[in-house]
Amino acid sequence: MSEKTYDPQEIESRWQARWAGEALYQAEQSTEKPKFYVLEMLPYPSGTLHMGHVRNYSIGDALARYKWMRGFNVLHPMGWDAFGLPAENAAIKNNRHPNEWTRANIAHMKKQHQRFNFSYDWSREVATCDPEYYRWNQWFFLRMFERGLAYRKKALLNWCPRCNTTLANEQVIGGNCWRHEDQPVEQRELDQWFLRITDYADDLLNDIAHLEGGWPERVLTMQRNWIGRSEGTEVDFALAAHDGAAGGGKIRVFTTRVDTIYGATCVILSPGHALVNELASPEQQAIARRMNEDAKRKDPGDLEKEGFFTGHYAINPYSGERTPIWVGNFVLMGYGTGAIMAVPAHDQRDFEFCRKYGIPVKPVVRPADGELAVEATMKDAFEDYGVAAVAGEFSGLPTEEAKRQMNAKAEREGFGKAAITFRIKDWGISRQRYWGTPIPMIHCAGCGVVPVPEAELPVVLPHDINLADVKGSSPLSHVPEFVNAACPKCGGPARRETDTMDTFIDSSWYFYRYCDAHNPNEPFSGDIVRYWFPIDQYIGGIEHAILHLIYSRFWTKMMRSLGLIDWDEPVTNLFTQGMVIKDGAKMSKSKGNVVDPDEIVGRYGADTCRMFSLFAAPPERELDWQESGVEGQYRFLGRVYRFVTRNLEKARSVPNIRVPEVAALGEADRQVLRKLHLTIRKVTDDFETRWHFNTSIAAIMELMNEAQGREAELTEASLPDLCGAVAMMLAPFAPYLSQELWTELGRDGLVFKQTWPVFDEALAREDDVEIPVQVNGKLRSRVTVPLGTSKEALENAAMEDAKVREWVGGKTVVKVVVVPDKLVNIVIKG
RNA sequence: GCCGGGAUGGCGGAACUGGCAGACGCACCAGACUCAAAAUCUGGCGAAGUUCACUCUUCGUGCGGGUUCGACCCCCGCUCCCGGCACCA
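Mapping of the first sequence onto this note's numbering: residues 3 to 832, in sequence order.
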């Protein structure tokens, strides 16, 4: 039979047409099989897939197909993170409605997905901009509101005076507006909705322990840092009497080192602290305002410490000392209480500040095995723990013990308490934007803030809107039909909430909806998600290590509080793939180094594109895109295709794989089958452990090299097994070609639903092994012996080897290291 | 500054548990096929030295030490690159 030319466009379009409309990848609802939920992060429908997507999905798809072949009931869904600002920008720029723009993008990207033949169960597709989806965002919001988990408060927002709108934190670059790079962002105080993620701060931190091993360590570290739990003490410094502050005014500070409080030589307020306006002169208040703005604009590393003395004093409740009150630009308003006690002798930042302004430095803690430092000679703060040397009644205690006793005293006497502070803040979810989930609340002059009754959900986003003319407030506030509503309580005229929700809400629970995507009565059925959860494998980019992945964990814990589910964590295993780079830089439009997947597919086919993205580097590392490497993959697939098609007659002759008698095989068949089973072991092992598909593909290449080298002597004894197994091993990586080969071989059905080939020890075993022989650790010769040769026999064989004799002859053999089937090392002297 | 990750041929990378460094691919060189080219196939390909030649020797995994019969791998001390966090009291 003559070989055929590999024509990926013909093969791929033929199978695509044949599979169109067929539900090949549907998960089963009831089955005896074990379940496997593999998930890739849903994309924002920007318009086209980029190589980062292709890489992400190629990894997930390989795993999904492999799991099918290992007999799992696989859930592998896909959807669209369809709300967000780019749709609004595009709407203004192109005079196109965000919905229309988004839907067109989804349609195009879905076509691209299907061209790649990623194995998604499209019957579960979710677009977060569908009212059927976002109504459940609203439903969750109401549940949280009922429990006080959603609340409203005033908060500072970033405001660009030229855009005349608020900006998200990520849209503030170096203190300036992302659209107007020379325009500093202002702060405005507005009412905002918040979710009480801090209620779960301890759970989010503690449950990280359950994720160890399944999640990359660095993601867990980043989350721990983000949550930023620290144990310490809150202490009140009373304002000194002559300040005239009526009613016993006080300054509450947070410290992790209350044991050093006898060394506090001043109290420092953040420039944003409420007391600044009471204690500072008008001139000083102006300085404080300038400091606030500097802090917003500048990189904290470039900001020099500065401050001023307010002229007022506070009383240290432990020592009774009068302590000057300063304002300092390095004290953060957003952390702790916005005020600190400065202990320059034991905190480097305080040390730098106090030395600059001539504030005394007072050492109070000495090293466990040393002397108390002397102020005049101190070059740096002593930050270690030790013994409280100057601490009134606590003097002489180890610092840890001093802390405990001093906490107890604060509590006893009512001027403070042990306290835990978190870096993580409640999640501000209000966005003054159009293209998002409407917050289901109504503002009534008489009744206040009233939730929309559940029966009226969803609160649908109005279609008619003029985004271009909207200035300075939420677009929805300009739509009277939307805004004007009857108060659900009193029936009087009222206004709807016009802010929409942060889109991170959409992506915090979408993977639950996949399980029961069309449920009209509830976000999902508890029974169905109990079957599929937790997610066995989540795959995505490292850039979501904090935001999305913390919000998702929070949402799961929140749903547990609501009684919807009964587990703590949504994702058992997380895999973060590396970036795709080209010419040493991340692909980006501004760098002009973007490779368009469509173009690669058009030139080489989807299989080649997928193969290369898996072959060029291990998945967790950066991938360097090289066009010539893509061609190499294309050549390899062509080589496989031609090999199989020109050997079809023999390869087809046996309908199913069976194990031939080893002894009866010819040398070529024997060696190729041996290599085949080594390859099966290798590829299987890669799937089961570390997903280094680059080495899996390399192993299959080696196998094909071996087969092609012995092609003339191969017979029906090996070719059916070889070709069938190669088709199956390629199935996770190159779905079109593998199916084509499978069908050409005369086998029935879908290749990725076959049983994964099984490693056969007997066929893989080698009769003889070549053993390297070293002399003093250097390779000097090799001897060939039967596998399993004993230590003694192996040593004898090595010593008899002619080359070894040359090296060893006349010298004293000190020692011989023999590792059977591996190596011999002869240690000589003289 | 703190916390991760990394450094191996001209390039991407392999060596999984301390046991033949450079698998596999790319690029390059040579040959076969061809009028020619493309495609395909075959061979070579870390560096230096040596041999007519098969070959052989020495060096070689960022740098300096150490452990070991044996180190890309383990330990100690550095350098550089990438990423994250960064006045969090």
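C-beta atoms are modelled at their ideal positions from N, C-alpha and C, and glycine is treated no differently. Treat the numbers as computed from the prediction; the structure is a model and nothing was measured.
- Message: Would arginine 1 and aspartate 428 qualify as a contact pair, given that the criterion is a beta-carbon distance under 8 Å?
- Response: Missing from the structure shown is residue 1; the chain here goes from 3 to 832 and no further.
- Buried versus exposed call for valine 269 [16 or more other C-beta atoms within 10 Å across all chains shown]: buried
- Would you kindly work out how many angstroms separate the C-alpha atoms of isoleucine 659 and arginine 57, rounded to a whole number? Because isoleucine 659 sits at a pLDDT of 49, beneath the cut-off of 50, its placement in the model cannot be relied upon, and the following sentence gives the value as read from the coordinates. For isoleucine 659 and arginine 57, the distance between alpha carbons rounds to 33 Å.
- Look at the alpha carbon of threonine 578 and the alpha carbon of glycine 543, and state the distance between them as a whole number of angstroms. 5 Å
- Task: Identify the continuous alpha helix (DSSP H) that holds asparagine 778 and give its terminal residues.
- Result: No alpha helix (DSSP H) contains asparagine 778, which DSSP labels as neither H nor E.
- Beta-carbon proximity list for arginine 435, same chain, < 6 Å, skipping 5 on both sides: Thr502
- Which stretch, first to last residue, makes up the beta strand (DSSP E) that contains glutamate 2? Any property of residue 2 remains undetermined from this structure, which presents the chain solely from 3 to 832.
- Is serine 121 near arginine 67, with beta carbons less than 8 Å apart? yes
- Since I believe valine 329 is in contact with alanine 276 (beta carbons under 8 Å), could you give me their beta-carbon distance rounded to a whole number of angstroms? Going by Cβ atoms, the distance from alanine 276 to valine 329 rounds to 12 Å, so no, they are not a contact pair.
- Say whether the region 440 to 460 touches the region 484 to 504, bearing in mind that this needs 3 or more beta-carbon pairs closer than 8 Å, one atom from each stretch. yes
- Message: Determine whether the beta carbon atoms of methionine 335 and serine 272 lie at a separation below 8 Å.
- Response: yes
- Does the beta-carbon distance from arginine 641 to methionine 560 come in below 8 Å? no
- Ends of the beta strand (DSSP E) at lysine 37? 37 to 42
- Measuring CA to CA, which of Glu306, Lys677 and Asn294 is closest to glutamate 188? Asn294
- Please confirm whether any heavy atom of the ligand MG lies closer than 7 Å to the CB of valine 392. Summarising the ligand content, the structure contains no ligands, and the ligand MG is consequently not present.
- Assigned secondary structure, asparagine 523 (DSSP; H/G/I helix, E/B strand, else coil): coil
- Task: Count the other C-beta atoms from every protein chain shown that fall within 10 angstroms of the C-beta of glutamate 5, then say buried if there are 16 or more, exposed otherwise.
- Result: exposed
- Query: Between alanine 243 and valine 345, is the Cβ-Cβ spacing less than 8 Å?
  - Reply: no
- Message: Which same chain residues end up closer than 6 Å to valine 40 when comparing Cβ atoms and leaving out the 5 residues on each side of it in sequence?
- Response: Gly62, Leu65, Ala66, His78 and Gln539
- Query: Is valine 753 closer than 8 Å to alanine 733 when the C-beta atoms are compared?
  - Reply: yes
- If you pair each beta-carbon of the region 463 to 478 with each one of the region 391 to 405, do three or more pairs fall below 8 Å? no
- Helix, strand or coil for cysteine 356, going by three-state DSSP, please let me know. helix
- Return the chain-ordered list of same chain residues with a C-beta closer than 6 Å to the C-beta of tyrosine 553, the five sequence neighbours on each side being excluded. Phe506 and Ser510
- Query: When we look at the beta-carbon of glutamine 225 and count the other beta-carbons within 10 Å, is it buried (16 or more) or exposed?
  - Reply: buried
- Would you kindly work out how many angstroms separate the C-alpha atoms of glutamine 741 and arginine 105, rounded to a whole number? 32 Å
- Message: Assuming histidine 348 and threonine 262 are in contact, meaning their beta carbons sit under 8 Å apart, how far apart are those beta carbons, in whole angstroms?
- Response: 4 Å
- In or out: alanine 248 buried (at least 16 other Cβ within 10 Å) or exposed? Confidence at alanine 248 is low in this model, with a pLDDT of 46, below 50, so the placement of that residue should be treated as unreliable; the coordinate-derived value is given next. Alanine 248 is exposed by the Cβ-count criterion.
- Query: Are the region 669 to 676 and the region 704 to 720 touching, with three or more C-beta to C-beta distances below 8 Å?
  - Reply: yes
- Item | CA-to-CA distance, isoleucine 567 to alanine 370, given in whole angstroms | 51 Å
- Three-state secondary structure (DSSP) of threonine 441: The identity of residue 441 in the sequence shown is isoleucine, whereas the question assumes threonine. In the structure shown, isoleucine 441 sits in coil (DSSP, three-state: anything other than H, G, I, E or B).
- Message: For a minimum of 4 consecutive residues, which ranges assigned as the alpha helix (DSSP H) are wholly contained in the region 253 to 321?
- Response: 278 to 281 and 284 to 299
- Task: With DSSP collapsed to three states, give me the class of isoleucine 830.
- Result: strand
- Query: So what's glycine 62 in DSSP terms, helix, strand or just coil?
  - Reply: helix
- Quick one: Cα of tryptophan 217 to Cα of glutamate 14, how far? 36 Å
- DSSP on methionine 80, reduced to helix/strand/coil? coil
- Query: Three or more beta-carbon pairs under 8 Å between the region 317 to 326 and the region 404 to 418, yes or no?
  - Reply: yes
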